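Engineer: Residue numbers for the sequence shown follow our numbering, beginning at 41 and rising by one.
A virtual CB, placed ideally from N, CA and C, is assigned to each residue, including glycine.
Bear in mind that the values here come from a model prediction, so they are computed numbers and not experimental data.
Structure incoming, see below.
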Amino acid sequence: MTKDYVIEMRNITKIFGEFVANDHINLNVRRGEIHALLGENGAGKSTLMNMLAGLLEPTSGEIAINGQSVKIDSPSKAAQLGIGMVHQHFMLVDAFTVAENIILGSETTKGGVIDLKKAIAEIKELSAKYGLEVDPTARVADISVGAQQRVEILKTLYRGAN
Numbered sequence: 041m042t043k044d045y046v047i048e049m050r051n052i053t054k055i056f057g058e059f060v061a062n063d064h065i066n067l068n069v070r071r072g073e074i075h076a077l078l079g080e081n082g083a084g085k086s087t088l089m090n091m092l093a094g095l096l097e098p099t100s101g102e103i104a105i106n107g108q109s110v111k112i113d114s115p116s117k118a119a120q121l122g123i124g125m126v127h128q129h130f131m132l133v134d135a136f137t138v139a140e141n142i143i144l145g146s147e148t149t150k151g152g153v154i155d156l157k158k159a160i161a162e163i164k165e166l167s168a169k170y171g172l173e174v175d176p177t178a179r180v181a182d183i184s185v186g187a188q189q190r191v192e193i194l195k196t197l198y199r200g201a202n
């Protein structure tokens, strides 16, 4: 494993019963690069990403983050490593605001009370930094699909993905 890559997936294999979903897959990612993972339905793209995000564990192979071999056995472990995943199907609560959706499960509290003002300020800062403009006070049900996608990305960034 090398520090040239922020993510290295080496010889990743995932087997479900007798079905081989991924067979000795290698993926290297440098910081700041954009990659597209392409393939037909059932090719194993989601399975590979689910292993990186801690939703599944590889049957064999190795994952390294910043040159260090790691075991990603849960989404919280992935988050600790700065890994987040924006899923194909949105996981948003329509009745909640953008800010409420972003902080859900990662609430900042002040004296046991959710500090929504602080969260909104952090969300605005992330929005500006990454060019993902969205109104934190808008109800998710009232925003476009494109804006909902930005909310999902911001949710991942808010939790520390880099």
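Who are the Cβ neighbours of I193 in its own chain at under 7 Å, not counting the five residues just before and after it?
Structural biologist: V126 and L172
Engineer: Using the beta-carbon count (16 or more within 10 Å), is A139 buried or exposed?
Structural biologist: buried
Engineer: Tell me where the beta strand (DSSP E) around N141 begins and ends.
Structural biologist: Where N141 is concerned, there is no enclosing beta strand (DSSP E), although the alpha helix (DSSP H) it sits in stretches over V138 to I143.
Engineer: I think L88 touches I65, with their Cβ atoms under 8 Å apart; what is that distance to the nearest whole Å?
Structural biologist: 6 Å
Engineer: Taking the beta carbon of Q202 as the centre, do at least 16 other beta carbons fall within 10 Å, making it buried, or is it exposed?
Structural biologist: Gln is not the amino acid found at residue 202; the sequence shown has Asn there. Per the 10 Å Cβ criterion, exposed.
Engineer: Near A178, what residues of its chain come up, given a Cβ to Cβ distance below 7 Å and the 5 sequence neighbours on each side ignored?
Structural biologist: T137 and V138.
Engineer: Tell whether a beta-carbon distance below 8 Å holds between P176 and I154.
Structural biologist: no
Engineer: May I ask you to list the residues that DSSP assigns as paired with I52?
Structural biologist: Answer is I65, bridged to I52.
Engineer: What does the alpha-carbon distance come out to for the pair R190 and F130?
Structural biologist: Taking the straight line joining both Cα atoms gives about 10 Å.
Engineer: Once the 5 residues before and after V69 are set aside, which same chain residues still bring their CB inside 7 Å of it?
Structural biologist: Excluding residues within five positions, the ones whose Cβ falls inside 7 Å are Y45, V46, I47 and H75.
Engineer: DSSP three-state label for I112, please.
Structural biologist: In the structure shown, I112 sits in coil (DSSP, three-state: anything other than H, G, I, E or B).
Engineer: Closest by CA to K111, which one among M49, G145 and T148?
Structural biologist: M49
Engineer: Expressed to the nearest angstrom, what Euclidean distance is found between the alpha-carbon atoms of S167 and I183?
Structural biologist: 15 Å
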